[in-house]
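The working numbering puts the first residue of the sequence shown at 5, with every later residue one more than the last. Note that CB positions come from ideal geometry on N, CA and C, so glycine has one too. The block underneath contains the structure these notes are about, expressed in structure tokens.
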Amino acid sequence: MFLISFGIWHAPLPFGDEGGYINDAIHLNNNHAYSINPYLDFYKFILSVICSDPVYAHYIARLVVSLVSAIGMLFLLDSISMIRSNCAKIITLALWISSYAVTPKAQFGNVNLFTFDLILIGLVPLLRKQSTARIIFFMTMLLWACQIRTEYYIAFVLFLTYFLVFIFLKIKDIYKSFLSGATCFSAFLLAISVFLIVYDRSRTEKYIEHDSLLIFGQHYASYYVRVHKDAGVSAMAEYKTVLDKMFNTPKSVPEALKNNPVEAARFLLNNFSRNCVIVVPALLRHRPLFIPEKYEKRGECVEIAVILAILAFGGFMGIRSLGFGKTAGYLVSLSKNCKLHFFILLSSSMIIAMVMLIPDTRYYLPIAPILFSGIALIIQYMIGKLRFKMKIALIFIICIWLCHPYFIAQSNDHQIVLKMREEAKKIQHEPQITCLSPASIATFAFGTRFKFIPESEFTMESITALRYDFIVVNKYFRESSYWAKDKEGFTRFEKNPEEYGYSLLGSSNDRHEMNVYVKSR
């Protein structure tokens, strides 16, 4: 993990959702407030104890989250008795570490993987031994995960039902374990967690309602723009406009579904079908392995197809050597294994993602335990007949191939942030920044000391009047109706900002095509 993360300070900054979490954490620290969202508390701790700079706080968080996920997956594989080969575990772990799920692209941030890490912390002890104390501890960690990603409430309810049945069937054995110190401590943690969450219930309910509608709106807008290519709107900037138009200004997701059930059904079915096809390949996404990066998605699809073909061949040969009759009996006995039950129940959290969210690797993490356990079993069979020295050589080659430093060759776009800080020193007031979602880059540059001017107020007249200190323009803004209102004027501004009293401060080297302009002084 440290090898693949070497040079992480060269990683592009996530000028998206991650900046919002950091901004919220800074506000909480400034107001000496607490949050029941563990991810915000995680950033609060880093910013207040380790490093107050948002840029380095993000890099620290990014490294810690990826490292914990690697350790968690290793212990998870080690908890499955059928996976006996340490070589298979290491190769599978290399696949996990080098995937985009664990080493995410910058714009995705860490929140989904952090949530999954919390679940792994509770799940691994439970896989090693099923006891009352470990069941309660796992449910506590799952409950806290629900405060970050609400879709995990589905798994929480199913696990609760499963464990209640488990306790009912083994009540005599369970009764004795209730008297242990570990059980009492786990129960105390769960009680404190429930109290804190219930105490903040009103704010939590408002957050869930608002967050659910926001997610539905953003993902529906992405679908809408993909289907209506001539819509002339940006899914990132104008999702609320699209949502209000198609679902009659809903106040909640149920109301949106009620207002236009036909369109909602079309959207949900389309999402579900696409997710079903993509879910497994998405978790196997890696940086270019043997096809040059210039081929982009086509090369990526070929590489994933090759990996899937190798795994499918290994699985088929394993079944063939074991015999189809023995394999069927083996699967029947496996279906009674509680560890498989745990994995299936955890995977239920993907129901929301499968029907409502656009295809994306980060939403498929709940199925990772099943997928990577299966991969480890296939690899175990494929390398089973190799000599020890051959296995060591294979591990070395695969780990270097998959896990060589990921970020060291990437351009360091946080230089834009450093330049913004230098320019801000020349300003006597709070920097005024505008355009599509500039709050994230402003958070990395200025913390909370800035004034955000919404994109709806961004006009050529305000540019000419030198109203803004910083202007952020990216691909999504150029695709929006705000840009279309005065496309010629905005295009002239980008070609010659000096004519309007601005200069180009820097550009991002990614698919977002972001330019940052600063007022000349």
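Hey, would you say residue i sits closer than 8 Å to residue j, going by beta carbons?
i           : j           : result
residue 288 : residue 485 : no
residue 106 : residue 124 : no
residue 452 : residue 31  : yes
residue 420 : residue 509 : yes
residue 491 : residue 516 : no
residue 511 : residue 519 : yes
residue 374 : residue 351 : yes
residue 355 : residue 158 : yes
residue 239 : residue 260 : no
residue 266 : residue 220 : no
residue 574 : residue 122 : Only positions 5 to 525 of the chain appear in the structure, and residue 574 is not among them; the question remains open.
residue 132 : residue 83  : yes
residue 163 : residue 147 : no
residue 462 : residue 446 : no
residue 152 : residue 41  : yes
residue 155 : residue 353 : yes
residue 16  : residue 364 : no
Spatial neighbours of residue i within its chain, please: CB distance less than 6 Å, with the 5 preceding and 5 following residues excluded, ordered by chain position.
i           : result
residue 425 : 449
residue 308 : 285 and 288
residue 144 : 193, 194 and 197
residue 367 : 357 and 361
residue 494 : 487
residue 66  : 114
residue 464 : 490 and 493
residue 191 : 140
Let me know the secondary structure DSSP gives residue i once reduced to three states.
i           : result
residue 272 : helix
residue 38  : coil
residue 110 : Unreliable placement is indicated for residue 110, whose pLDDT of 47 sits below 50; the coordinate value is still reported in the next sentence. If DSSP states are grouped into helix, strand and coil, residue 110 belongs with the helices.
residue 506 : strand
residue 475 : strand
residue 377 : helix
residue 484 : coil
residue 408 : coil
residue 462 : coil
residue 278 : helix
residue 351 : helix
residue 82  : helix
residue 467 : helix
residue 335 : helix
residue 417 : coil
residue 242 : coil
residue 361 : coil
residue 187 : helix
residue 295 : coil
residue 15  : coil
residue 491 : helix
residue 382 : helix
With DSSP as the reference, please indicate the residues paired to residue i in a beta bridge.
i           : result
residue 436 : 455
residue 511 : 519
residue 290 : 103
Leaving aside the five residues before and after residue i along the sequence, list all residues of the same chain whose C-beta is less than 8 Å from its C-beta, in chain order.
i           : result
residue 507 : 501, 521, 522 and 524
residue 372 : 77, 100, 105, 120 and 287
residue 270 : none
residue 272 : 359 and 360
residue 250 : 224, 228, 264 and 267
residue 189 : 137
residue 388 : 89
residue 318 : 382, 383, 385 and 386
Going by beta carbon distance, what residues of the same chain come within less than 7 Å of residue i, once the five residues before and after it are set aside?
i           : result
residue 315 : 379 and 382
residue 55  : 61 and 64
residue 29  : 44, 47, 48 and 51
residue 245 : 237
residue 142 : 126, 127 and 130
residue 200 : 40
residue 58  : 26, 447, 448 and 451
residue 505 : 470, 523 and 524
residue 338 : 344
So, is the C-beta of residue i closer than 8 Å to a C-beta in chain B?
i           : result
residue 488 : Here chain B cannot be found, since the structure has a single protein chain.
Margin query: At 4 residues or longer, what runs of the alpha helix (DSSP H) sit wholly inside the segment 127–167?
Written below: Qualifying alpha helix (DSSP H) stretches, in chain order: 136–150.
Margin query: At 4 residues or longer, what runs of the alpha helix (DSSP H) sit wholly inside the segment 24–75?
Written below: Entirely contained in the segment 24–75, the alpha helix (DSSP H) runs reaching 4 residues are, in chain order, 42–49.
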